[in-house]
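Residue 24 is where the sequence shown starts when you use our numbering, and the numbers rise one by one after that.
I have placed the structure first, in the form of structure tokens, so that the comments after it can refer back to it.
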Amino acid sequence: MISEFMTGEHRHCDAGFAKAESAASEDDLEGARSAYAEFEAALLGHLAMEEQVLFPAFEAKTGMNGGPTAVMRMEHDQMRGLLGQMQRALSGGSLDDFLGLAETLNVLIQQHNMKEEHMLYPMTERALGGEATAIIERMRAL
Ligand SMILES: [Fe+2]
């Protein structure tokens with residue numbers, strides 16, 4: 024249940040990202056800006072759900088603080104760094120810079136999501152499965 028919910032979030036973010044990239048590649052600056060703003064909000068919200076609810080619950084339950092969640096948090100920081108750069112590229116009106124950064128972010132996100140979907144979410148499911156409903160509620164409430 025946690026896995027399905029979180030994986031659904033990934034697909035939702037992916038769709039928003041694709042929309043922003045396709046607007047940018049069609050030279051539609053305003054379209055790229057508005058699709059990007061939506062995507063950025065969705066991704067930042069998703070990262071917050073993990074960092075503020077899911078990871079702490081997993082860490083508390085398993086005692087694993089320096090393991091997979093530490094790696095995921097580090098990758099989240101890299102994503103936020105790229106988001107900041109993409110935002111600046113759009114503000115400056117440079118769609119080429121934006122698209123270059125988007126390519127880098129896309130690779131990072133796909134590798135990151137793969138690790139979460141195939142490793143961390145199933146581990147989380149095993150550790151926290153009984154509390155899934157409450158945890159999803161807490162994530163939704165953020
Ligand atoms: Fe993540």
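Using N, Cα and C, we set each Cβ at its ideal position, and we do this for glycine too.
Please classify A64: is it buried, with 16 or more other beta-carbons within 10 angstroms of its beta-carbon, or exposed? Numbered from 1 along the sequence shown, position 41 holds the residue referred to as residue 64. Answer is exposed; the Cβ neighbour count stays below 16.
Just to confirm my understanding: we take R161, look at its own chain, exclude 5 residues before and 5 after, and list those with CB closer than 6 Å. What are they? The residue you call residue 161 lines up with position 138 of the sequence shown. If we look at R161 and ignore the five residues flanking it on each side, its Cβ neighbours are V76.
Reduced DSSP secondary structure (H/G/I, E/B, other) of D120: Against the sequence shown, residue 120 aligns to sequence position 97. Of the three classes helix, strand and coil, the one that applies to D120 here is helix, per DSSP.
So, for H33: in the same chain, excluding its five sequence neighbours on each side, which residues have a beta-carbon less than 6 Å away from its beta-carbon? Start at 1 with the first residue of the sequence shown, and residue 33 comes out as number 10. Cβ neighbours of H33 beyond the five flanking positions: N136.
Do A125 and E73 have their CB atoms nearer than 8 Å? Along the sequence shown, one-based indexing puts residue 125 at 102. Along the sequence shown, one-based indexing puts residue 73 at 50. Their beta carbons are not under 8 Å apart, which means A125 does not touch E73 by this criterion.
Would you mind stating whether I132 and M109 have Cβ atoms separated by less than 8 Å? Taking the first residue of the sequence shown as position 1, residue 132 is located at position 109. Taking the first residue of the sequence shown as position 1, residue 109 is located at position 86. The answer is no: Cβ separation not under 8 Å.
What beta strand (DSSP E) runs, 3 residues minimum, are completely inside the stretch 93-139? none
Would you check if there are 3 or more beta carbon pairs closer than 8 Å linking the stretch 145-156 to the stretch 56-63? no
For L118, which of E49, A83, M142 and T147 has the nearest alpha-carbon? The residue you call residue 118 lines up with position 95 of the sequence shown. Comparing Cα positions, the closest option is E49.
Less than 8 Å separating the beta-carbons of L128 and F121? The residue given as residue 128 occupies position 105 in the sequence shown. The residue given as residue 121 occupies position 98 in the sequence shown. No, the Cβ-Cβ distance between L128 and F121 is not below 8 Å.
Return yes when the C-beta of H135 is under 7 Å from any heavy atom of ligand 1, and no when it is not. Taking the first residue of the sequence shown as 1, we reach residue 135 at position 112. True, at least one ligand heavy atom lies under 7 Å from that Cβ.
Does ligand 1 have even one heavy atom less than 7 Å from the beta-carbon of M95? For this step, residue 95 is matched to residue 72 along the sequence shown. Under cutoff, so the answer is yes.
Find the nearest neighbour of K42 within the set I25, F62 and K84, judged by alpha-carbon distance. Here residue 42 corresponds to residue number 19 of the sequence shown, with the count starting at 1. K42 has its Cα closest to that of F62, out of I25, F62 and K84.
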